[in-house]
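Numbering (the UniProt record's numbering), first residue to last: 1 to 251.
The structure appears below as structure tokens.
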Amino acid sequence: MNVVVIEDEKIIAGELLELIRNLRPGYVVNDVLETVETAKKYFRDHRNIDLVFSDIQLGDGVSFEIFKEVPSDAPIIFFTAYNEYLLEAFRANGIAYVLKPFDEADIENAIEKFEKITQKRQIPIEELLAYLNRQTKAPTAKSILLHQKDKIIPLNTDDIAAIHLDKSTVKLYTFNNTIHFTTQTLEDFQALQLPYFFRANRQIIVHRKAIKDATQYFNRKMLVSLHIQFPEQILISKEKIPAFLEWLKNA
């Protein structure tokens, strides 16, 4: 399977290449293209491409410009930090729309979609639109409900600085240094796909505005410090650092 990647950030490109190699060892990444103009020339000269992974926002424009000028029959998996390009991605032969920061599951799901389409050769437009909508439609809840004895207390998600799984208890740390307890799991919060939150590790989710700084740590990990009082060290694994830095820059 001949694959081309269009991405101008070397860290993200490297992370994606590693995921593709791990998930589909039989896929061959022929080239990594960094600009709109380079990609236009490449697609004029190469037609035997089976699949394209493409960032949308590049240094010299958006990748849709490539495929408007040089149409390609290859299905395209688009990835971006923003979700406003859905319709245009579909018009440009997009089959999946992955939001940054992506992880292994996101890329696996997109590849499975490509393989399913390849097997069927044709897919109803209604099914494709439904799939794309599922990929980008996130819940819009701005508050969560806390149950304290006979009271129900709404807590705005923007007030939450960090979420901590402490043994079997989930604690919510707010920006004014109060702590709330909840029966919801970290997976429940992650499923909300709130853009300002990042799953640092198995125990901790952090809010972008809560981050004071991040420094290099042992074993190529990264140590994150918060503006609030927090009882645990927050460590980012070396595998998650590229996604973390991308989120830190764009969130």
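Each residue gets a CB set at the ideal place from its N, CA and C atoms; glycine is no exception.
Same chain only: Cβ atoms within 6 Å of I241, ignoring 5 sequence neighbours per side: As a first step, residue 241 must be located in the sequence shown, where it is residue number 241. Around I241: M222.
From K149, K68, I107, residue whose alpha carbon lies closest to that of T80: As a working note, residue 80 is residue 80 in the sequence shown. The residue with the shortest Cα to Cα distance from T80 is I107.
Reduced DSSP secondary structure (H/G/I, E/B, other) of G94: The sequence position of residue 94 within the sequence shown is 94, counting from 1. G94: strand per DSSP, three-state reduction.
Nearest neighbour of K40, chosen from F198, F175, F218, I66 [CA to CA]: Mapped onto the sequence shown, residue 40 falls at position 40. Comparing Cα-Cα distances from K40 to each of F198, F175, F218, I66, the minimum goes to I66.
H217 in three-state terms, based on DSSP: By one-based count along the sequence shown, residue 217 stands at place 217. A small correction: the amino acid at residue 217 is Tyr; His does not occupy that position in the sequence shown. Secondary structure of Y217 (DSSP, three-state): coil.
Helix, strand or coil at G61 [DSSP, three-state]: Stepping through the sequence shown from its first residue, residue 61 is reached at position 61. Note: G61 maps to strand in three-state DSSP.
Status (buried if at least 16 other CB within 10 Å, exposed otherwise) for S168: Your numbering for residue 168 matches position 168 in the sequence shown. The residue in question, S168, is exposed, as its Cβ has fewer than 16 Cβ neighbours within 10 Å.
Check whether T182 and L146 have beta carbons under 8 Å apart: Locating residue 182 in the sequence shown gives position 182, counting from the first residue. Locating residue 146 in the sequence shown gives position 146, counting from the first residue. Yes; because the gap between Cβ atoms is below 8 Å, this pair is in contact.
Start and end residues, alpha helix (DSSP H) containing A243: Start at 1 with the first residue of the sequence shown, and residue 243 comes out as number 243. Unbroken alpha helix (DSSP H) run through A243: 241-250.
Rounded distance between the beta-carbons of L16 and F43, thought under 8 Å: Taking the first residue of the sequence shown as 1, we reach residue 43 at position 43. Taking the first residue of the sequence shown as 1, we reach residue 16 at position 16. The Cβ separation is near 19 Å, so there is no contact.
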